[in-house]
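Numbering (the working numbering), first residue to last: 1292 to 2069. We put the CB at the ideal spot given by N, CA and C, even for glycine.
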């Protein structure tokens, strides 16, 4: 990423308040639901399409063409959303999916349908990753598991309702409506997203489409699409329309592998903004393991969706409606488990136990399928379905949570795309290999009694035994052959589930590897009892005591004569020793996205030991004056500035904002600042109201005041507790907990953007936050 890279690439992560999330998230869940509804609704309309368009066995190309493009777009999709923005990418993907479905409904020939479904695949495949990328952008690490779980529920219900909706529309209005019904849903989703998606500040250069188009790695995009297509075409059609040992199949596979090798060389050696950065594979062993597990997840998940209907209809003789009903336990278990695991991960901060539990469920489900017979009881099928659903719910989204927890923000989108590509590649391989095994075993068992044409029909999901005009004895024999063949495939599923379990056990939690600090990681302390704040206050007292003992050892009684100086030293030691903990905590909040918006001439209030230095965007910074009346932070700030791009553009001043003479000497005068940054500062000053008036004066007209503070609670009980604890808290932690910070900010002068001020919703939070970006009126 060089100096020509737009700032938009680095500034799309913006954690929203709970209130804003409740408005934005349903739009993303709806988009994901529509995408999976579209993918599965077509399945039940395939027999009608095959009959109407006279496709014959080539009807399988409807699914293959969609699969190839929806998988191929994954490696490109993430970086395109970095360049053009999440909202633009989502709207474009929805438009492509809607237009593709509209076209599919008007198709008059098989070729037109295959091409239109390929076009639809570009949009639908992009949506799957974009929704996950967008959720990661607008949530904190602690929230991410919960919201990924909720979107997993949307995926499950989209998969479950799709065949039902498609079947009803096909029977009632005709197969074309299985495509057309998606179009108005896409329009609704686009309108909803456009109305609630938060707008991000952009520089003038970001608006130029030419500069963005130049950033696209065109050689990498073309080579990757070609390579993926050459691999997926024989994988999707191998064993059916393309013999595995044919020169065409072998040639396409070899060419595809060679092109992907060239793609990696382009990305890792030549691309300025790579679609697949080599850094993704350097995050560590745990990340590589989690990427690998997605191949197995896709194999088992999509394989189950392909094989279970065949077992229910062609072995047990269930009707399509009954087969769909018997699939509901898996669908419901998937949805509920996704939601539950999201809550668990958000509450505990650990994703590994969830993934391991899901792996065990998949192993038990695979073993359960090995016991299936032609007359297995309904309860056994339902129990195995529940185990499969729990396995999916504990794997799909939790694995993504783990991947993102160990990655950098700037690579979040491309890592999500890589994850989806590996998963979809596993799905394509799983369904194709399973279908090939099924075809070969059926052919071996039935070739002496039935024609190859009939056996080909038996292995197609568009035909059921009852539709082939067989006698009762023939159906019984063929269903037995199906059962024998499926049992062999389920052995491979059991082995893969066991491998997945072993890999899951090797994947450590990212949260377990964080360095320890003297003081526990700061939490948004809730007033569960009157003594809850003591959890944070007691370590602070301990650090003050250690500082006093050291001062008494070196200075004797002089340490007692100047208590103010001693308290300043204690507070400085407290903030220095807990610096890593605060950085870690603040990274789960909106603080990083707020600091990144600082630009021009910046005045940073109360920098402490320099916790925000790494969060500034060097391309936006002209110069930073950091002021703090406590001089004990100077050395730590100097250490953090070493080897930083800001080292020559950052100056620490041991003064307060009221020290106008000192500031004037440095050029900090009225109307001179583009940005003033205040991260947990107003709680520590003598009186926030006059300080805020000084801040307003120092800002240029149109200058921005960026803040993230804590203040007095609006809840009566909590505010009383704050008042009781404030004397001790202000003495040892160095800040006041019962100040009206919002009121002080609003009273400073005339501001624009007051509607963007956010506040903590939880009334029992002991340190309720208030944050935002205000602009001084001209």
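| Asked | Found |
| --- | --- |
| Counted within 10 angstroms of its Cβ, other Cβ atoms place residue 1904 as buried (16 or more) or exposed | buried |
| Cβ neighbours of residue 1711 in the same chain (closer than 7 Å, five flanking residues each side left out) | 1365, 1419, 1420 |
| Limits of the unbroken alpha helix (DSSP H) element including residue 1576 | 1576-1601 |
| Boundaries (first-last residue) of the beta strand (DSSP E) holding residue 1941 | 1941-1944 |
| Neighbour-count burial assignment, residue 2013, 16 or more Cβ in a 10 Å radius | buried |
| CB contact flag (residue 1783, residue 1725, <9 Å) | yes |
| Same chain only: Cβ atoms within 6 Å of residue 1972, ignoring 5 sequence neighbours per side | 1896, 1897 |
| Beta-carbon contacts of residue 2031 that lie in its chain and below 7 Å, excluding the five residues immediately before and after | 2002, 2003 |
| Burial state of residue 1422 (16 or more Cβ within 10 Å) | buried |
| Burial state of residue 2000 (16 or more Cβ within 10 Å) | buried |
| Classification of residue 1877 by the beta-carbon crowding that lies within 10 angstroms, buried from 16 upward | buried |
| Three-way DSSP call (helix, strand, coil) for residue 1973 in this model | coil |
| Run of the alpha helix (DSSP H) containing residue 1382, from where it starts to where it stops | 1377-1397 |
| Three-state class that DSSP yields for residue 1888 in the structure shown | coil |
| Beta-carbon spacing of residue 1658, residue 1777 below 9 Å | no |
| C-alpha gap between residue 1362 and residue 1936, whole angstroms | 39 Å |
| For residue 1882 and residue 1387, the rounded distance between their alpha carbons | 35 Å |
| Residue 1705 beta carbon less than 9 Å from that of residue 1516 | no |
| Beta strand (DSSP E) runs contained entirely in the stretch 1511-1577, provided each spans 3 or more residues | none |
| Coil, strand or helix - residue 2038 by DSSP | helix |
| Coil, strand or helix - residue 1991 by DSSP | strand |
| Option in 1664, 1647, 1701, 1393 with minimal Cα separation from residue 1466 | 1393 |
| 8 Å contact criterion, which residue 1409 and residue 1360 should meet: CB distance rounded | 5 Å |
| Buried versus exposed call for residue 1486 [16 or more other C-beta atoms within 10 Å across all chains shown] | exposed |
| One or two residues paired with residue 1894 in a DSSP bridge | 1916, 1967 |
| Supposed close pair residue 1694, residue 1578 - CB separation, criterion 8 Å | 6 Å |
| Supposed contact pair residue 1685 and residue 1623 - C-beta distance, whole angstroms, cut 8 Å | At roughly 15 Å, the Cβ-Cβ gap does not stay under 8 Å, so residue 1623 and residue 1685 are not in contact. |
| Start and end residues, alpha helix (DSSP H) containing residue 1925 | 1925-1932 |
| Where residue 1536 falls, given that 16 or more other Cβ within 10 Å makes a residue buried | exposed |
| Inter-residue spacing [alpha-carbon to alpha-carbon] between residue 1560 and residue 1569 | 9 Å |
| Collapsed DSSP secondary structure at residue 2056 in the structure displayed | strand |
| Span of the alpha helix (DSSP H) around residue 1660 | 1643-1661 |
| Exposure of residue 1661, with buried meaning 16 or more beta-carbon neighbours within 10 Å | exposed |
| Which of helix, strand or coil DSSP assigns to residue 1936 | coil |
| Residue burial classification, residue 1739 (beta-carbon count within 10 angstroms, cutoff 16) | exposed |
| Where the alpha helix (DSSP H) through residue 1474 begins and ends | 1473-1487 |
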